[in-house]
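A.B. asks: Sharing a structure below in structure tokens format, with a few things to ask.
Number of protein chains: 2
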Amino acid sequence: MDDKKTRRPAAECEIDFIDERKVKRVRRAMKSVEAITSLAETFRVLGDPTRIRIAFALSREELCVCDIANLLGVSQSAVSHSLRTLRQMKLVRFRKEGKIAYYALDDDHIAELLEVGFGHVEEKR
Amino acid sequence: MDDKKTRRPAAECEIDFIDERKVKRVRRAMKSVEAITSLAETFRVLGDPTRIRIAFALSREELCVCDIANLLGVSQSAVSHSLRTLRQMKLVRFRKEGKIAYYALDDDHIAELLEVGFGHVEEKR
DNA sequence: ACGATATATGAACGTGTGTTCATGTAAGCG
DNA sequence: CGCTTACATGAACACACGTTCATATATCGT
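Chains A and B supply the protein sequences, listed in that same order. Counting the first sequence from 1 gives a position; our numbering is that position plus 2. Counting the second sequence from 1 gives a position; our numbering is that position plus 2.
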């Protein structure tokens with residue numbers, strides 16, 4: 003009853019696995035969906051030049067919003083929005099001193115991610 | 003001659019710097035635009051659950067497209083598109099054996115990024 | 001050579017993202 | 001107080017992104 007000329011969609015391979023042993027090993031080691039989701043969000047947040055620059059700057063110095071904006075040459079509003087995104091993923095923390103908000107990296111993992119990342123891209127050329 | 007009621011846009015802070023010394027130190031250490039752009043793209047590519055899962059799987063085993071699709075439960079087309087994205091950023095490499103394409107992580111930096119990243123998100127809860 | 005299989009890819013659709021603009025809030029200062 | 005400053009945020013727009021669908025390419029078996 004199939005139409006004669008429609009090739010099967012072939013959406014997936016017909017056989018289930020090429021090498022089921024390897025697949026099972028990986029499946030056992032696979033991280034939880036929460037960990038995957040969370041890590042993907044972390045990387046996504048760092049997947050923007052402005053936020054990378056902010057994170058790198060904060061890996062060197064604790065800085066206020068105004069200085070970050072001037073350092074990067076972008077508007078205060080853009081910096082504030084970016085900082086909020088970084089804050090939501092707990093990549094940065096801040097303390098308030100009067101009117102001024104001082105931001106810093108929340109923990110050393112972020113600086114390490116940046117180091118490893120820059121090591122990767124600098125080697126790749 | 004200004005309209006009387008329009009507040010200055012205040013797009014940027016009026017004073018140039020709160021702490022110019024810190025800003026100058028960071029500016030000297032700041033990475034090149036190419037490095038920043040490249041790292042941002044790398045993180046952006048990893049900022050997707052499907053590609054994270056693919057990268058993690060490939061950090062454990064060399065796998066063909068078909069097995070990856072079955073492992074993750076997504077279509078072959080989606081996997082192929084994701085692999086292309088990963089390939090373009092040189093995060094994965096592949097070798098072809100007949101009809102079958104075997105993919106693997108291109109270098110150890112990627113596995114290290116995943117390790118550090120998972121360490122970060124698993125500590126954060 | 002033909003059909004089946006493994007993978008790649010272009011187009012298109014809905015959704016998400018980053019910036020800007022305008023405005024809000026809170027703290028210092030005269 | 002009222003004004004200014006430092007920062008936060010909501011709306012909106014233009015653009016990018018991930019998936020699906022359909023189809024193309026390449027290789028194997030017969």
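The C-beta atom is built at its ideal place from N, Cα and C for all residues, glycine as well. Remember, it's a predicted structure, so these values are computed and weren't measured experimentally.
Determine the chain A residues that contact B:Gly-49 at a beta-carbon separation under 7 angstroms, and present them in chain order.
C.D. replies: For the purposes of this step, residue 49 of chain B is identified with residue 47 of the second sequence, where counting begins at 1. Simply Ala-42, Phe-45, Arg-46 and Gly-49.
A.B. asks: Thinking just about the alpha-carbon of each residue, which of B:Thr-39, B:Leu-48, B:Leu-60 and B:Glu-43 is nearest to the one in A:Met-32?
C.D. replies: The residue labelled residue 32 of chain A in the question sits at position 30 within the first sequence. Among B:Thr-39, B:Leu-48, B:Leu-60 and B:Glu-43, the Cα nearest to that of A:Met-32 belongs to B:Leu-60.
A.B. asks: Within 10 angstroms of the Cβ of A:Ile-56, are there 16 or more other Cβ atoms? Answer buried if so, exposed if not.
C.D. replies: As a working note, residue 56 of chain A is residue 54 in the first sequence. Buried, since its Cβ has 16 or more Cβ neighbours within 10 Å.
A.B. asks: Please return the same chain residues whose Cβ sits closer than 8 angstroms to the Cβ of A:Gln-78, not counting the five positions on each side in sequence.
C.D. replies: Within the first sequence, numbered from 1, the residue matching residue 78 of chain A stands at position 76. Cβ within range, chain order: Val-67, Cys-68 and Ala-71.
A.B. asks: Count the other CB atoms, across all protein chains shown, that sit within 10 Å of the CB of A:Arg-127; report buried if there are 16 or more and exposed otherwise.
C.D. replies: Locating residue 127 of chain A in the first sequence gives position 125, counting from the first residue. The Cβ neighbour count for A:Arg-127, taken over all protein chains shown within 10 Å, is under 16; the residue is labelled exposed.
A.B. asks: Please name the residues in the stretch 83 to 94 of chain A whose beta-carbon is closer than 8 angstroms to at least one beta-carbon of chain B, in chain order.
C.D. replies: For the stretch 83 to 94 of chain A, the beta-carbon criterion of a distance under 8 angstroms to any beta-carbon of chain B is satisfied by Lys-92.
A.B. asks: Within 10 angstroms of the Cβ of A:Tyr-42, are there 16 or more other Cβ atoms? Answer buried if so, exposed if not.
C.D. replies: Translated into positions along the first sequence, residue 42 of chain A becomes position 40. It should be pointed out that residue 42 of chain A corresponds to Ala in this sequence rather than to Tyr. The residue in question, A:Ala-42, is buried, as its Cβ has 16 or more Cβ neighbours within 10 Å.
A.B. asks: If you measure beta-carbon to beta-carbon, which residues of the stretch 51 to 67 of chain A are closer than 7 angstroms to chain B?
C.D. replies: Pro-51, Ile-54, Arg-55, Phe-58, Ala-59, Arg-62, Glu-63, Leu-65 and Cys-66
A.B. asks: Report buried or exposed for A:Arg-46, applying the criterion of at least 16 other Cβ atoms within 10 angstroms of its Cβ.
C.D. replies: Position 44 of the first sequence holds residue 46 of chain A. By the beta-carbon neighbour count (other beta carbons within 10 angstroms, threshold 16), A:Arg-46 is buried.
A.B. asks: Mark A:Lys-7 as exposed unless 16 or more other C-beta atoms lie within 10 angstroms of its C-beta, in which case mark it buried.
C.D. replies: Reading the first sequence from its first residue, position 5 is the one you call residue 7 of chain A. Summary for A:Lys-7: the model assigns pLDDT 36, below 50, so the residue's position carries little reliability, and this model does not support an answer.
A.B. asks: Report all residues from its chain with a CB closer than 7 angstroms to the CB of B:Phe-58; omit the five preceding and five following residues, and keep chain order.
C.D. replies: The residue given as residue 58 of chain B occupies position 56 in the second sequence. Same-chain partners within the cutoff: Leu-116.
A.B. asks: Considering just the uninterrupted stretch of the beta strand (DSSP E) at A:Glu-99, what are its terminal residues?
C.D. replies: Numbered from 1 along the first sequence, position 97 holds the residue referred to as residue 99 of chain A. Here the beta strand (DSSP E) through A:Glu-99 covers 94 to 99.
A.B. asks: Determine whether the beta carbon atoms of B:Val-94 and B:Tyr-105 lie at a separation below 7 angstroms.
C.D. replies: Here residue 94 of chain B refers to the residue found at position 92 of the second sequence. Here residue 105 of chain B refers to the residue found at position 103 of the second sequence. Contact: yes.
A.B. asks: Among A:Lys-98, A:Asp-110 and A:Gly-75, which has the Cα closest to the Cα of A:Pro-51?
C.D. replies: On the first sequence, position 49 is the one that residue 51 of chain A refers to. Ranking A:Lys-98, A:Asp-110 and A:Gly-75 by Cα distance to A:Pro-51 puts A:Gly-75 first.
A.B. asks: Apart from the five residues just before and just after B:Phe-96, which ones in its own chain have a Cβ nearer than 8 angstroms to its Cβ?
C.D. replies: Taking the second sequence and counting its residues from 1, one reaches residue 96 of chain B at position 94. Hits under 8 angstroms: Leu-85, Arg-89, Ala-103, Tyr-104, Tyr-105 and Ala-106.
A.B. asks: Using a Cβ cut-off of 7 angstroms, which residues of the stretch 95 to 111 of chain A contact any Cβ in chain B, in chain order?
C.D. replies: For the stretch 95 to 111 of chain A, the beta-carbon criterion of a distance under 7 angstroms to any beta-carbon of chain B is satisfied by Ile-102 and His-111.
A.B. asks: Can you look up A:Ile-54 in the DSSP assignment and give me helix, strand or coil?
C.D. replies: Reading the first sequence from its first residue, position 52 is the one you call residue 54 of chain A. DSSP places A:Ile-54 within a helical segment (H, G or I) once states are collapsed to three.
A.B. asks: For A:His-83, count neighbouring Cβ atoms within 10 angstroms of its own Cβ and tell me buried if that reaches 16, exposed if not.
C.D. replies: Here residue 83 of chain A corresponds to residue number 81 of the first sequence, with the count starting at 1. Under this definition A:His-83 is an exposed residue.
A.B. asks: By a C-beta neighbour count over all protein chains shown, 10 Å radius and 16 as the cutoff for buried, is B:Ser-40 buried or exposed?
C.D. replies: If you number the second sequence from 1, residue 40 of chain B lands on position 38. Classification for B:Ser-40: buried.
A.B. asks: In its own chain, which residues sit with a C-beta less than 7 angstroms from the C-beta of A:Lys-92, not counting the 5 before and 5 after it?
C.D. replies: Your numbering for residue 92 of chain A matches position 90 in the first sequence. Answer for A:Lys-92: Asp-108, listed in chain order.
A.B. asks: As an exercise, report each continuous beta strand (DSSP E) stretch of at least 3 residues that is fully enclosed by the stretch 58 to 87 of chain B, in chain order.
C.D. replies: none
A.B. asks: B:Ile-102 lies in the beta strand (DSSP E); which residues open and close that run?
C.D. replies: On the second sequence, residue 102 of chain B is found 100 positions in, with the first residue counted as 1. Per DSSP, B:Ile-102 belongs to the beta strand (DSSP E) from 102 to 107.
A.B. asks: Counting only Cβ pairs nearer than 9 angstroms, list the residues of chain B close to A:Ala-113.
C.D. replies: Locating residue 113 of chain A in the first sequence gives position 111, where the first residue counts as 1. Under a criterion of Cβ atoms nearer than 9 angstroms, no residue of chain B is adjacent to A:Ala-113; the nearest Cβ is some 10 angstroms distant.
A.B. asks: Based on Cα-Cα distance, which residue from B:Val-28, B:Arg-30, B:Glu-99 and B:Glu-36 lies nearest to A:Glu-125?
C.D. replies: The residue you call residue 125 of chain A lines up with position 123 of the first sequence. Of the listed residues, the one whose Cα sits closest to A:Glu-125 is B:Glu-36.
A.B. asks: In whole angstroms, give me the CA-to-CA distance for B:Asp-5 and B:Ile-20.
C.D. replies: Counted from its first residue, the second sequence places residue 5 of chain B at position 3. Counted from its first residue, the second sequence places residue 20 of chain B at position 18. With a pLDDT of only 37 at B:Asp-5, under the threshold of 50, the placement of this residue in the model should not be trusted, and no figure is reported.
A.B. asks: Rounded to whole angstroms, what's the CA-CA distance from A:Gly-119 to B:Asp-110? Just pull it up for me.
C.D. replies: Translated into positions along the first sequence, residue 119 of chain A becomes position 117. Translated into positions along the second sequence, residue 110 of chain B becomes position 108. Cα-Cα distance, rounded: 11 angstroms.
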